[in-house]
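Just so you know, the sequences run in chain order A and B.
Counting with our numbering, you get residues 1340 to 2082 for the letters of the first sequence.
Counting with our numbering, you get residues 33 to 862 for the letters of the second sequence.
C-beta atoms are modelled at their ideal positions from N, C-alpha and C, and glycine is treated no differently.
All values reported here derive from a predicted model rather than from experimental measurement.
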Amino acid sequence: MHRLANSSDLLCSISSNGDCVALCTPDGVIKFYDTLTSNLKLEYSSSTHLQAGCSCLVWSRLKRTQNTVQNSKQKKLKTNSESTNKSIETELNDLDLIALGTTDGSILIYSLSKASLHTQLSEGGHSDKVNDISWCPNYSDSIYSCSDDGYIVEWSLLESKVKAKWKASKTAITSISIDPTNNYLICSSKTITVWDLKSKTKVKTLTGHSNDIFKLQFLSQKNQDLEYFFSAAHNDRILNAWTLNSANITETSNQTLQSFTLNDGPSFLEVISIKKNDKNLEALVLAMTHKGQLCLFKYDFSSDEKSNLKKPLKPINTVKLETKEGSPLKIYAAFLANSKNEKLDLIELGNVNNESSLVDMLNNNYLYIVYGSHVNPRIEKIEFSELNETKKVLKRDDPFKTSVTLQTQATKIESPIISKDVKVLVPGQSGPQTSIGLGNQQKRKSTEPSQMTLEERLNVMGLDETNGEAYYKNGQVPKTDNLLVLLVQGLQSNDSKMLNHILQHKNDKVIAKTVRMLPTNYVVQLIKELNKRLQGHAQSGLGLIKWLKSVLMIHTSYLMSYPDLIESLGSVYEMMNARTKLFPQLSKLQGKLQLVMSQVTSQAEDLPSGNDKEPLLYYQDSTSEDEQIEDELIPSHSEFDEYVFSDEEDEEESIHDDDDDQDENMADDGDSKKILKKEVVSFKKKKELSKSSLLKKNKKDESEDDDDEDEEDDEDEDAAENGENNFGMEDDDDEDDDDEDDE
Amino acid sequence: MLLLSHDSKYLFSASGSVLNVYSATSGEIVYRLSYTDNSEESNNNEVKIVSLCLNPYNKYQLFTFHLNSVICLWDYEDGLLLKSFELKIKIKKIYNVKNSIYAIGELKKSSKNENDSISLYKLQIDNSIKNKNLIEHELIVSNLSINLDKLQFAIDQNEKYVAYIEGRRKLVINQFKSNNSVKKFQSKIELTCLALHPNEDCIATGTTSGKIIIWYNYINCAHINSEEDSNGKKRNLNSKPTESVLHWHSLPVVSLSFTTEGSILYSGGHECVLVKWLFKTGQKDFKPRLGAPISSITSSLDNTFCAVKHLDNTIHLIGANMKVVQTFSSFLCPNFKTTNKDLVNNMDFTFYPIGLNYFKKLNCIVTNGRPGHLQFYSYSSDKLLFNLDIVNENYISPENLNKPNAHTEIECLAFNHDSTWLVTVERRNDSVTTPEIKLKFWCYDSTNNKFSLNTLVRHPHSYDKITKLKFKPNENTLFTCGEDGCFKSWTLVKNRPSSIDQNQIKYNWVYSTCNGYRDMYPSDIEFFEINNKDYVAVSFEHIATLWKIDYDKSLSFVDDLIHCAKDDPIKYLKKIDNSNLLVVHNECLNVWCFKHNVLDENDLLSGVEESLETRCIWSQEVKDVLKVETSPSNDSNVLIFVREHLKSDESLIKIKIGSIEISNNSEPSFKYCHEFVQDLNGLVNFVVVPNDSIKRNEEFSLENVHILYADNFGIIKKVKKSSLSNENLLQNNADVDLNETMWENRKILAKNLPESNLARIIDTNKSNRINGEKDQFIEENRNGFFESNLNRIETTPAYLMPKIGTFCYDTLRSMLFKLDEKKYEMQNGL
């Protein structure tokens, strides 16, 4: 039995809009996979799958159209019969049907969108295995099936009944197909028979294969009156192209138009017509061999019709899949899709050079292949630009070794792969990293402990122990010694748990001693380890800084002589740079704050004496306002600047400001002194607030240092004014309080 | 509006005027049902579906109630409109209790009775399909004052009373069967939602504090008036209803749902957690991390699962074991109602800060989805493909809804020319700690459809925000603009092979250059190639600068292009072709032309620098530019989206789409080719995606692209083709006519499923009963027939058998031998 030969094959069928792949697994379960994401959508096993397995899978011809508006408008214009067809079409679209032929002769029609069996065609049908099913190309309600019992049955989908049934062959009929005009039916066993669909009469018989033909496929386009179809037979290393004269069927030639050679028997056939310049018709044939190799053929129908005996064509492209180890992977099916991921059976090209290669012609389209195991099939989109070689071998992961995750499919959440070797860049890492020459690298390696020979390692360990013993004898605390051994072991084995434990020590003495005893060839490794750990959050690095500091201090001399110093420790340096970027600014801030505080405290100390004595002179200024009281106490920004920077511009400005201030000072002296104590307290609170604004100002000052002087003056004044305003605002409350106190 | 069919095979959800019928097992839309012809017009308010319920007399039929008082009866299994009729009530909501349908609504103004208040009506719908317009309503309770947006109303299963929440704290029981006695109970905490126990007299109410209060014994106790209480009058012993409290939620409870038997109560709220309470014991079970706050819960009639709808428009089916069985989602709306209201009302606020992006490899649109996720939305099938977890953080609901927690959000995104690299920028700024900014480079592996993290950069522009990412076309170089005043470039380099396996070459991204200009902030970047030399244009506030990329990838400043006033910053730079640059200011468009001066050989020899001539050749004022896009196939054609305020109505804006074209000799031409009116609801994001019908070497036209847009409603729409070409564009409000021929034409594919043997028995018995007297033959052979079927019962596997109860009676009846009436009479006579 020929069927046994490929019983290991998976039945695989691609939906006509290309968004779903149906696979029949050996245990009779039909699985539906989404082509875009290769996720399992649905599983179906018929209630009789154990008695009657699935023998063929055929999707209905449908195109999901989004523009329902257009459809409905067209509908009104159509005649009655067409409108029924149209409504069947919408029905088919909605239901998303797939026909399953079974080995007991019944046909199951399953609706994918409803996820339920829609109907079962069995009564009055076949008595043996259904070999092939063909849906009508023009959306009428008929489907045709052929079987091992030699009958062809036409079914009505609207009524789920047999429309017609006739004996077409004494032997099994292995495949069936309807031509695009819906006039002829071709069916095959070893020979191909052409039937007139209306009269149900045999028109012609064609021979060309030595084995049972398992697939007949029409080209979706016809060339004037000529229609073309392709055939593939089991274990026959040849595919044939035939022509059918639809106007006058008897004129059709009995011979094959063209044959194509494969290096193995075919297992899958898909034909796409290519229309060029509105005239030229070509066919692109995708054929899969039993070994799972994909062959692409191109055939131009208009090329030459002279000679009857032509050489069989060879594939223009073959695609093979291999695992990384080199064992072959089998491709089950392939189809062509456009950029919208819709399956194509026709490609229309504009004005293209006849000479242009296939890859150029199809660069807007994609080739989908289905491969892998039936447990975890992969559907992959290949761009034609990848198929630049005639014999392309693609390397893929072994699908048997990867795990299946069903969780993602239910919740629609995809988590990206985050592997351990992610490169992390932190601020301060400058310049592109150039790859390092080989010689250099080897040198570097020789110093790495992981590359040392066992003997060397033992020597190092032995050295440690002797060191340790020496310390024991001297009566030192053994703790550090233990830590050292652990540290060395940790570094050697790269045991992060052990290192975590060791690096948690924060006692300065312990750290210093451990580091001092550390053999020099571990120093660099320790620094790198510390660097890696320091790149996380700043908080976690507090303890590690102590380690880094003591390593750098104690082993400076070794590090200076270390040959690959810049390459291996550059990142440490950059990290330190980045981390301490804000340090100068912070220390400036600290200085300013100290200055302010010292001023405040000194004035507070003066308080009692100033309070007791009567002021010598009162100056009453009618324009003065109470609001200005605090301005004296809180030095304005310009005053800060005066202390911190001795730039000329600042001074000018501050002098200008001071003038204003002095007037106010004079006026408010008496009042201010009374309430000074209170002010000090409230000021301390405010200090916290003003910190942030000061910081910002500092930044600005720095960035503008290099800039034009004019701009800076403007900016500074603005900022100073802002600052004053802020303080004024904040002080309003306090002022109220003060007033109350006075009363 | 969410409804499950009685056998939990289908899920119904209404969106606009369209009823979507989903299959629960496959997760696909089976039918999109709309009783008007133009189902695309979802913005047509008249036919919007208000409510839906199953036909109480036929479980395979469904009623939809439309805003214009039309009721449609559907056969949802076959997608057929059975009939439609009109009602005199403006329906707001429908409640289905046992065999009757109750409607909350108000009478139409046209009717004589000018009773405007919202009332409860009982509807009596004639069940026969042929008769039309036979619908009656009966007033039951009038003057209801309830909040219809929330789930605050329930009708008792015995149809004796209704319970609803009045105001904020009052629970009202209205016993309409017994002299309309109304009882009001005051709660201490504000009530949010309500659910009635299916079998017992027991009400569960959710509160704003997160407690679920369960009320018992409210029927028997007297009506308490708050005023009487304060007067200190005598109270009945029985006067107060018994209360018990279930407490887990910390935020207001939004939805409550009992299972059909009432043993389990589901509750949900903003915590994104579904809580399952064993009602009697108070034991609880959780399904956490559902991704988005829960807005409503519906439990299925057969208790297999409950459907949970979320604020981001996702629907989860959660099985009884608290596992997600199926997810239905299309375009996600990340509006969690915790953001500041002023911000949402702002015209430039968007829930999609990264805008809409087209991802070529999967032919889908990528934008912000769940917090910290990217959603991959396939517009051709209107389905969410998946959410990609970029920041790897769980969304934590805030303690207080008015103070949202800061979470890391993706702010910028870019794909390189062949979509193999994805770059994201995420930022978390809680304005307390230093902001965390990460630049991530993801590599897309088309063999398994996975993204893998390649390089992670912390604080790429020190601690400042990144405003723009752009890939250099056809090259793996990324440019970033930051608010620290510089633009940086990043390149892909070959990594030094690791010591473990020398063969594997690894690539990762490194920082390459950094440049700035006059301490101004860069805003956009565009690339050129003039005379085989690479140039890059960078806009800084109102100035565009031109830089040359040297062979060592360093940049050298060439020229600056200043045209507009300082207060009109540049929003976009777009290359029209290699010698023309479109500079888009906020309110002005400029086209700059670059001309490469051809030098003599002498000049080259003498080492004179090549010079580049720049001049502004065209300028036009426009209003409020939203976005500039190029067609994906032909980048010399630039589309400009402009926003205008309508003077007539302030809540609407007009969006105009203009295209700019440059031919070789003449001036650039700019004209508006399309406009439409849009609700003012935040920023409108646009994306241009290729239409597949593009053929090569063909002139570009708007017909070749789809323009999709989304605003803060979370619905993605397509700019219509017909109106694109048409000049008269405001014809959106097409007349609504009932096109019944559409449904008459519909053919149904017959279902011919094999019946199980028992079903066949029941069927024959039923048909026997109907035409029993007529068919003598069957009657005579009934006993023999039954015996043969008894054998079949014995051989039928147990799992194929229907419930015993359903055919018991028929079987027993069929065993009786029916006496001939004449014989019977004779016997009696004798």
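Check: Nearest to S45/B (by Cα), restricted to the options Y67/B, A339/B, Q218/B; Outcome: A339/B
Check: Cβ neighbour criterion (16 or more within 10 Å) applied to G1357/A; Outcome: buried
Check: Contact set between E707/B and chain A, taken where Cβ atoms lie within less than 9 Å; Outcome: Here the premise fails: no neighbours, minimum Cβ distance about 21 Å.
Check: Cut-off 7 Å between Cβ atoms - residues of its own chain near Y543/B, not counting five sequence neighbours on either side; Outcome: K520, W522
Check: Cutoff 8 Å: L1349/A Cβ touching any chain B Cβ; Outcome: no
Check: is_contact[S200/B, chain A] using C-beta, thresh 8 Å; Outcome: The residue asked about is misnamed: residue 200/B is Arg in this sequence, not Ser. No, no contact with chain A.
Check: Interfacial residues, the region 1750 to 1764 of chain A to chain B, with Cβ spacing under 9 Å; Outcome: T1750, K1751, I1752, E1753, S1754, P1755, I1756, I1757, S1758, D1760, V1761, K1762, V1763, L1764
Check: Touching by the beta-carbon criterion (3+ pairs, under 8 Å), the region 1582 to 1591 of chain A and the region 1608 to 1624 of chain A; Outcome: no
Check: 8 Å Cβ cutoff, S1352/A in contact with chain D; Outcome: Of the chains in the structure shown, none is chain D; the protein chains are A and B.
Check: Within-8 Å CB hit, Q358/B to chain A; Outcome: yes
Check: Per-residue DSSP class, three states only, for D795/B; Outcome: helix
Check: Per-residue contacts from D1358/A into chain B (C-beta, under 8 Å); Outcome: S413
Check: For L1596/A and P1651/A, the rounded distance between their alpha carbons; Outcome: 10 Å
Check: Test: S1355/A CB closer than 8 Å to a CB of chain B; Outcome: no
Check: Within-8 Å CB hit, H1465/A to chain B; Outcome: no
Check: Cross-chain neighbours of A1454/A in chain B, by beta carbon under 7 Å; Outcome: S55, T57, S58
Check: Status (buried if at least 16 other CB within 10 Å, exposed otherwise) for G1604/A; Outcome: buried
Check: Proximity test, L180/B beta-carbon vs the ligand NAD heavy atom, cut-off 7 Å; Outcome: This structure simply doesn't include the ligand NAD, nor any ligand for that matter.
Check: Distance between Y1383/A and L1456/A (C-alpha atoms, nearest Å); Outcome: 9 Å
Check: Contacts that K1380/A makes with chain B (C-beta to C-beta distance below 9 Å); Outcome: S58, G59, E60
Check: Neighbourhood of T1662/A by C-beta distance below 8 Å, restricted to the same chain and skipping five residues each side; Outcome: L1668, K1734, R1735, D1736, D1737
Check: Inter-residue Cα distance where the pair is N717/B and Y549/B; Outcome: 30 Å
Check: Residue-chain proximity (L113/B, chain A), Cβ-Cβ < 8 Å; Outcome: no
Check: Burial state of S463/B, where buried means 16 or more other Cβ atoms lie within 10 Å; Outcome: exposed
Check: C-beta neighbour in chain B for D1433/A, strict 8 Å; Outcome: yes
Check: Collapsed DSSP secondary structure at T1914/A in the structure displayed; Outcome: Note that residue 1914/A corresponds to Met in the displayed sequence, not to Thr. M1914/A falls in the helix class under three-state DSSP.
Check: Close beta carbons around P430/B, own chain, < 7 Å, minus the five adjacent residues each side; Outcome: T370, P436, N437
Check: 8 Å Cβ cut-off: residues of chain A touching T479/B; Outcome: R1717, E1719, R1735, D1736
Check: Proximal residues, the region 1468 to 1483 of chain A versus chain B, C-beta separation under 8 Å; Outcome: D1480
Check: Cutoff 8 Å: Q1933/A Cβ touching any chain B Cβ; Outcome: no
Check: Contacts of V737/B in chain A (Cβ-Cβ under 8 Å); Outcome: Correct list: empty, because the minimum Cβ distance to chain A is about 12 Å.
Check: Which residues DSSP lists as bridging A1572/A, in chain order; Outcome: I1552/A
Check: Interface flag, S1528/A vs chain B, CB-CB below 8 Å; Outcome: no
Check: Endpoints, the alpha helix (DSSP H) within which E1868/A is located; Outcome: 1862 to 1873
Check: C-alpha distance - F1640/A paired with I1613/A, whole-angstrom precision; Outcome: 11 Å
Check: Exposure of Y67/B, with buried meaning 16 or more beta-carbon neighbours within 10 Å; Outcome: buried
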